[in-house]
Structures are given as structure tokens and as C-alpha cells.
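1487 is the number of the first residue of the sequence shown in my numbering; add one for each residue after it. Even glycine gets a Cβ: it sits at the ideal position worked out from N, Cα and C. Everything on this sheet refers to the single structure shown next.
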Amino acid sequence: MRTRNILWPTDFSDTASHALRYAIEMANLYNVGIRILNVVDQPLGDENYMVLAITPEELAKTMEDAAAKQMHELLAQLKTDLKVETVIRRGDAVTEILAEANGENIGMVVIASHGRTGLSHFLHDNVAEEVANKAKCPVLVVK
């Protein structure tokens, strides 16, 4: 943990931004870097092509470009001397976060919980919960 980076997965929400403060604090405490990860959903099927008049690949590229723009804006606001890496992946959020978290250079994941409860909790994937249960490294879930 003390020599490996902190992974901060983000969807650019306010809740995720709140978790960033914890990620920075942990990185400063251990004097390690932060890897920022955003996962773009992979559009599937011909229905996307027919409705949007673009291919799923074009849609995914547009989504990646938008994520890259948000990542640059975030980095411009981030005032830290820490080493910061950014990664944008395409696919399922849980799968991609776990692939990054279980890599060799990640010592901890700091992830935001969206705090769903009741029926909403059962109807939506809880990314933070799955990452916390399946990651090989420690996971800090921030409310």
C-alpha cells in the first residue's frame, strides 16, 4: 500500500468529487500518486445505429472524447504536487475498475458510493459495493 498508487474511479459526479478529497489525502499520507479512471459505457446493438444515425463505435468515440475533455477540466482545477495519471477505458464500470485495481501498481481504491437505498439499491448496479467485494487491495468507499 505504501508504495503503490491510489486509484480514484470517477463518473465526474459531485459524489465522486467528494471522494477525490479523500484520495488526495491518502496519497499525501503515503506519498504516492493518484490514478484517475473514467469508464465509458460501450454502446451495443443496432438500435444505437438506427436511433442516432451513427455507429456504436462512433458513439463510443464521442463519449470518450467528452470524458477526456472532462478529465482535462478536472486536472486544471486540481491543485496538488502529487503525480497524477489519467486513464479512460471503455466497457463495464465494475470490470474495468477491478482490472485497474487488481493491477500491480494500485495499493488502494478510493471510490464514491452513490448511497442508493431500498428498491433503487436493488434495481441498479452498485459499482462501489462490487468493487469493495472483489478488489484485491483495500477499498475506501466514501459517502
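Here the alpha carbons of L1515 and D1578 stand approximately 31 Å from one another. Beta-bridge annotation (DSSP): N1491 is paired with I1592.
With fewer than 16 other beta carbons inside 10 angstroms of its own, T1581 counts as exposed. According to DSSP, A1598 shares a beta bridge with V1628. Linking A1509 to W1494 through their CA atoms gives a straight-line distance of about 7 Å. Unbroken beta strand (DSSP E) stretches of 3 residues or longer found wholly inside the segment 1503–1533: 1520–1526, given in chain order. Secondary structure note for T1566: it is in no alpha helix (DSSP H), with a DSSP letter that is neither H nor E. Straight-line measurement puts the Cα of Q1563 at about 16 Å from the Cα of D1497. DSSP lists L1523 as the bridge partner or partners of V1573.
The beta carbon of V1525 is closer than 6 Å to those of R1575, A1579 and E1582 in its chain, skipping five residues each way along the sequence. Residue A1621 holds the alpha-carbon nearest to the alpha-carbon of A1585 among V1570, V1627, H1558 and A1621. Assigned with DSSP and collapsed to three states, K1547 falls in helix. Measuring C-alpha to C-alpha distances from R1488 to each of I1522, E1571 and V1595 identifies V1595 as the nearest.
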